[in-house]
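Report on the structure given below.
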Amino acid sequence: MDIYLLEAILNGILLGGVLALLALGLNLIFGVIDVVWIAYADLVMCGMYLIYYLYAEFNWPFLLACVAAIAFVGVLGILVHVMIIAPILGTAPINQLLATGGLLFFLQSFATLLFGTDFRNIGVRLPIIRFDSIYISSARLLAFTVAVAGAVALYFFLKRTFVGTAIRAIAQDRDIVGLMGVDQRHIYLVTSAIGGALAGLAACLLILQYDVHPFIGNTFGPLIFMICVLGGLGDMIGGFVAAFLMSQIIAIGGYYFSTELSYVFAFTFFIVLMFLRPHGVLSR
Amino acid sequence: MTARHAMLAILLAALATLPQVVAPYFMHLLIQILLWGFVYTSWSIMGRFGFVSLGHGAFMGVGAYVPALLWNYFGVTPWIGIPLGISLAVVLALVIGYPCFRLKVVGHYFALVTLALGQVVMLSIVAARDVTGGSLGFTPKAVGYSWFALQFPQKVYFYVIALALWFGGLAVWYWVDRGIGREALDAISEDEEAAATIGINVIREKLRVTVISAALTALGGAIYGQYMMYLNPETVSGIAVSLQIVFAAIVGGTYTALGPTVGALLTISLNEGLRVAFGTNFIGAANTIYGVLLVLFIIFMPRGIVGMIEDATKRGWRIKPL
Chain A
2 MDIYLLEAIL NGILLGGVLA LLALGLNLIF GVIDVVWIAY ADLVMCGMYL
52 IYYLYAEFNW PFLLACVAAI AFVGVLGILV HVMIIAPILG TAPINQLLAT
102 GGLLFFLQSF ATLLFGTDFR NIGVRLPIIR FDSIYISSAR LLAFTVAVAG
152 AVALYFFLKR TFVGTAIRAI AQDRDIVGLM GVDQRHIYLV TSAIGGALAG
202 LAACLLILQY DVHPFIGNTF GPLIFMICVL GGLGDMIGGF VAAFLMSQII
252 AIGGYYFSTE LSYVFAFTFF IVLMFLRPHG VLSR
Chain B
9 MTARHAMLAI LLAALATLPQ VVAPYFMHLL IQILLWGFVY TSWSIMGRFG
59 FVSLGHGAFM GVGAYVPALL WNYFGVTPWI GIPLGISLAV VLALVIGYPC
109 FRLKVVGHYF ALVTLALGQV VMLSIVAARD VTGGSLGFTP KAVGYSWFAL
159 QFPQKVYFYV IALALWFGGL AVWYWVDRGI GREALDAISE DEEAAATIGI
209 NVIREKLRVT VISAALTALG GAIYGQYMMY LNPETVSGIA VSLQIVFAAI
259 VGGTYTALGP TVGALLTISL NEGLRVAFGT NFIGAANTIY GVLLVLFIIF
309 MPRGIVGMIE DATKRGWRIK PL
């Protein structure tokens, strides 16, 4: 097998980890609150800017900056829910999607206003790992490992704790859960906070690989909605499978053709699969 | 002739005399408002029935690029290129629309499928950079004043074209609004299953408005390209334009004929006003305010400005508690 193709596939797997993490956060919110946060990728952008400023400008230790970013984006998640979603929770779902679309405009342009359109880089370059003539970026490997660990932690949280069980229950039937003594509003807040925190975690991992700029959300935002829907609502394993499918299409397509064309393939794949398997890749 | 018609006649007369009195800069703004107003109206022809497409950038991009490419590479006049672009947009609308409506892909899911479509078109244009110039954009070959090339250096020509287009868009809006399918579409937007059981051909009705909407959007893109003489994948297709279309229509009011135009008027004047007031030091200021407005609009007045005014006039200007 072609060594460069193998490298592309490996890098695709590593990219899939971070995409899966993001899709997981989105999936949680989509499944529980039944809202698509179009601005989800832009919350990641906010986290990336915070880390950039704390680390590169104020010289905080990187890990501390990461913790701050996770907490900050978690709070942003709560704010998004309280200020934007909660007031219109009863209206048509498309309104909620559009309201977070307004948030997308706001975040992107506010970031432009505050930080300008420069590409900013925290200046940390992790070493490249050489593995028998295959080169792998260790930043990606780290991102993959942390993303998978985060997903596993979330899995156990959802399976083993009371709040986690309530979250899963609400995704199944939001009306009955209320009768079982669960306060939906409380669960919505917790879910939004977790969704935000996951975006913050993704920000920590992405800042090691990419420069931050106000429109970075547009580059992977659409992709993670697609992954989230492809995986199927509330189906965490399906989300993982979808993330790796999409990242492989992008990696291999990018290897044989070009990056843009590989995204064209990925989106076309999404459209076709929506028609073939509207309830997720693993549904039967 | 009612008062409404008289108002319309006065408005048209005023719009027709404007080129004589207005500076070129305002002329440019007016053309932009009319062209975008037309595109937003085209979107709302389907958007008002709850078929929210986040991929109208796809149709606009196809409509804009096809005639420009044909003109530059083969010297084909836009008079042929534009209908070809529109046809391609219609084919695209059918290819996406038919399976979506057949398989009942609605709401969020429809929005995301169309979003993917917009990205596919935008990224395809970027990927074919040898032909389209990619992200650097594409400039149609300029030949000066020419009816054959549909190029006019004087703004007044495009003003008249944009005015006609905008008026035509409104006419189509009314035609759909008064047409026999209107009731069917309303029923479908309320409850597809129920609509189907009383004998409405859900797929055909939905496809009809989708095709009309896509064709008009492609036409808008084509004329926009002819006027600007510069195309960029980011400014005529993709997620940014698609969202811009949706939001301007919503701010103005999706459910009324003039709503999308008011949306265009508001967003373009807000943008220009802030640009003139603050200069380029505050890039992003306009869209920051716009973003906040959008969120507020969707939460507090989902029927948009014109919808709100209509409600208020019907109630005799009393403010109803929310």
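Residue numbers (our numbering), protein chains in the order written: chain A, 2 to 285; chain B, 9 to 330. Heads up, the beta-carbon is just placed ideally off N, CA and C, and yes, glycines get one too.
Residues of the segment 259 to 270 of chain A with a C-beta atom less than 7 Å from some C-beta of chain B are S259, E261, L262, Y264, V265, F268, T269, listed in chain order. As summarised for the segment 243 to 295 of chain B, the continuous alpha helix (DSSP H) elements at least 4 residues long and confined to that stretch are 246 to 260, 267 to 286, given in chain order. In this structure, B:L178 lies near B:T49, with their beta-carbon atoms less than 8 Å apart. Chain B has a Cβ within less than 8 Å of the Cβ of A:T113. Proximity of chain B to A:N96 at the Cβ level (cut-off 7 Å) is accounted for by I306, P310, in chain order. Rounded to whole angstroms, the gap between the alpha carbons of B:G89 and A:L262 is 25 Å.
Taking all protein chains shown into account, A:N60 has fewer than 16 neighbouring C-beta atoms within 10 Å of its C-beta and is therefore exposed. For B:T296, the neighbours in chain A by C-beta distance under 7 Å run, in chain order, F107, S110, F111, L114. One thing to note: A:F106 has its Cβ within 8 Å of the Cβ of B:N295. For the segment 123 to 151 of chain B, the beta-carbon criterion of a distance under 7 Å to any beta-carbon of chain A is satisfied by L123, A124, L125, Q127, V128, L131, S132, V134, A135. Rounded to whole angstroms, the separation of the alpha carbons of A:F226 and A:I71 is 21 Å.
When the beta-carbon positions are compared, B:A76 and B:F146 come within less than 8 Å of each other.
Residues V217, T218, S221 of the same chain have their beta carbon placed closer than 6 Å to that of B:M54, with the five preceding and five following residues left out of the count. At least one beta carbon of chain B lies nearer than 8 Å to the beta carbon of A:V230. Annotated three-state conformation of B:F146 is strand, per DSSP.
In the three-state DSSP reduction, B:F118 falls in the helix class (H, G or I). Around the beta carbon of B:W181, a 10 Å sphere encloses 16 or more other beta carbons of the protein chains shown; the residue is thus reported as buried. Counting C-beta pairs with one atom in each stretch, the segment 77 to 91 of chain A and the segment 218 to 232 of chain A have fewer than three that are closer than 8 Å, which means they do not touch. Taking the Cα positions, B:F46 is about 36 Å away from A:F120.
Contact check between the segment 50 to 65 of chain A and the segment 237 to 253 of chain A: fewer than three CB pairs, one atom from each, fall below 8 Å, which does not count as touching. The three-state secondary structure of B:Q159, taken from DSSP, is strand. At least one C-beta of chain B is nearer than 8 Å to the C-beta of A:N219. Less than 8 Å separates the beta-carbon of A:P215 from that of A:A112. For the segment 141 to 175 of chain A, the set of residues with a beta-carbon nearer than 8 Å to any beta-carbon of chain B is empty. In the DSSP annotation of this structure, the continuous segment of the beta strand (DSSP E) that includes A:Y136 starts and ends at 135 to 138. Note on B:W51: 16 or more other CB atoms within 10 angstroms of its CB, so buried under the neighbour-count rule.
Shown here, A:I130 sits in a strand according to DSSP, grouped into three states. A:S263 has no beta-bridge partner at all, per DSSP. As the crow flies, the alpha-carbon of A:L29 is around 10 Å from that of A:V36.
For A:V81, DSSP records no beta bridge to any residue. For A:V213, the pairing in a beta bridge is given by DSSP as A:R121.
Per the coordinates, the alpha-carbon of A:R141 lies some 43 Å from the alpha-carbon of A:M181. Of the residues assessed, B:V259 falls on the buried side of the cut-off, its CB having 16 or more other CB atoms within 10 angstroms. In the same chain as A:Y156, and ignoring 5 residues on each side of it, the C-beta atoms closer than 8 Å to its own belong to M237, in chain order. Among the CB atoms of chain A, none fall inside 8 Å of the CB of B:I88. Under the Cβ distance rule, B:G299 counts among the residues neighbouring chain A, one pair being separated by less than 8 Å.
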